[in-house]
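Count along the sequence shown from 1, then add 1130; that gives the number in the numbering used here.
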Amino acid sequence: MLFVCAHFLAGFPGSGPMLTSETNGYAVQTAPPGTVRTPQVPAEETADDTMAVAGVSESERIKQILEEERRAAGLTPASADEPASYAVALPLVQTSPVTQTLTDESPPRPTPRLLQWDQQPRSVRVPVLMYHYLSVPPPDADIYRRDLSVSPELFASHLDRIQAEGYTTISLYDLQAYLWTGAPLPEKPVVITFDDGYRDNFTNAFPLLAERGMIATIFVITDFMDEERPAYLTWEMAREMLAAGISIESHGRNHISLKNQDKDYLVWQALGSLETIEYEVGVRPRFVSYPAGEFDDLTIEIFKSANYWAGFTTIQGATHSTDDPFRMHRVRVRHSTDPDELARVLALDW
Ligand SMILES: [Zn+2]
């Protein structure tokens, strides 16, 4: 099993030097949660062989799809010492149908495009709003749940105010394309993000966004979705939203802190969540929101080496630059944030 894992990772599309230079096999994302934390443990103690084989086969399938896309786009095969340039198998705003990788009858996927930093330093002020629950908290909710909850009515008034102030919602891909290539942004861009991927994001937030033609990004917890926890999105919901322009990005596998963890564990979190999202919705995530906002230098190193493009923190601010893509700032939206307060923080130069 370890040999197979190492074999898979050696050919992982776009894999960086850190992962491919390791002699040990790394995480198999389809194994049961928590069982593949240390690759050195004998295989028979970590996961049963049937699941391991199934996992590799899924991974191999993803690898083949991506290699086919690269060939179709005239790109050379990925290699371990390739510079940091990646084929992006999606439009900048993720609006493509998402079932295309999942059935043989589907129409061809969009041509991969290359998004690569042109080495020009850039900086831009774009507020990235951070929401969590989009519902009225239950009567017995604790102070944290209350603080993190925005009612659908309040959210609707936020969206109306965002539009009235002349802002346009963009995706993190649009923001990244500006930072890396200078691609144009609308005059007053804003990003709406949701952490944790609660089901109310689909039932309450998504219709309000869709009816206004607005988009958002949801950072999902992949194990919780795999476990079909009722408070969280289903993969079907994620696919439906992705098809409507909502980005599905990583919030890790299980919301355990990514700070003070060892390299193997971080690889398990970074690659596991990435591969699961890519397999389930058909496009590779490129952004992570650190659970509880916790990270350290090794967290950044590992997510970067797994070819994530940027990491989002809970540090307050709205200015982003090419200098520090894995410490991106956001603007917290609370239970108490009324439309006037929202307009005020949107305009802050920080
Ligand atoms: Zn969270």
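Just so you know, even glycine gets a beta-carbon here, dropped at the ideal spot from N, CA and C.
Problem - Extent of the continuous alpha helix (DSSP H) to which VAL1475 belongs - result: 1469-1477
Practice task
Count the other C-beta atoms from every protein chain shown that fall within 10 angstroms of the C-beta of PRO1162, then say buried if there are 16 or more, exposed otherwise.
Solution key: Confidence at PRO1162 is low in this model, with a pLDDT of 26, below 50, so its placement is unreliable and no value can be given for it.
Practice task
Mind reading off the beta-carbon distance from VAL1320 to LEU1259? Whole number of angstroms is fine, and I expect it under 8 Å.
Solution key: 7 Å
Practice task
Please name the residue in PRO1282, PHE1285, TYR1261 whose C-alpha comes closest to that of TYR1274.
Solution key: TYR1261
Handout entry: Given 8 Å, three or more beta-carbon pairs between the region 1348-1355 and the region 1322-1336
Key = yes
Problem - Extent of the continuous beta strand (DSSP E) to which ARG1460 belongs - result: 1458-1462
Problem - Per-residue burial, ILE1432 [other beta carbons within 10 Å of its own, 16 or more giving buried] - result: buried
Problem - Limits of the alpha helix (DSSP H) - the one that GLU1082 falls within - result: There is simply no residue 1082 to check, as the chain begins at 1131 and stops at 1480 in what is shown.
Exercise for the section: With a threshold of 6 Å, establish whether the CB of PRO1421 neighbours any heavy atom of ligand 1. Expected result: yes
Problem - Where VAL1183 sits in the DSSP three-state scheme - result: With a pLDDT of 39 at VAL1183, under the threshold of 50, the modelled position of this residue cannot be trusted; read the value that follows with caution. VAL1183 falls in the helix class under three-state DSSP.
Handout entry: Separation of TYR1362 from PHE1354, as counted between CA atoms
Key = 7 Å
Handout entry: DSSP bridge partner residues for ASP1326 (one or two, in chain order)
Key = VAL1350
Problem - GLU1099 to GLU1295 span [Cα, whole Å] - result: Here the chain has residues from 1131 to 1480 only, and residue 1099 is not among them.
Problem - Residue of GLU1410, LEU1305, TRP1247, VAL1280 minimising C-alpha distance to GLU1370 - result: GLU1410
Exercise for the section: Pull up the distance between the alpha-carbon of ASP1248 and that of VAL1254, whole angstroms please. Expected result: 16 Å
Handout entry: Rounded straight-line distance, which links the Cα of GLU1379 to that of LEU1309
Key = 19 Å
Practice task
In angstroms with no decimal places, state the Cα-to-Cα distance between GLN1293 and SER1279.
Solution key: 22 Å
Practice task
Determine the closest residue to GLN1246 out of ASP1277, THR1406, PRO1267, ALA1307, with distance taken between C-alpha atoms.
Solution key: ALA1307
Practice task
With hydrogens ignored, establish whether the beta-carbon of ASP1325 is closer than 6 Å to any heavy atom of ligand 1.
Solution key: yes
Handout entry: SER1265, DSSP secondary structure in three states
Key = coil
Problem - Pairwise C-alpha distance: ASN1334 and SER1451 - result: 33 Å
Practice task
Specify the secondary structure class of VAL1411 as computed by DSSP and reduced to three states.
Solution key: helix
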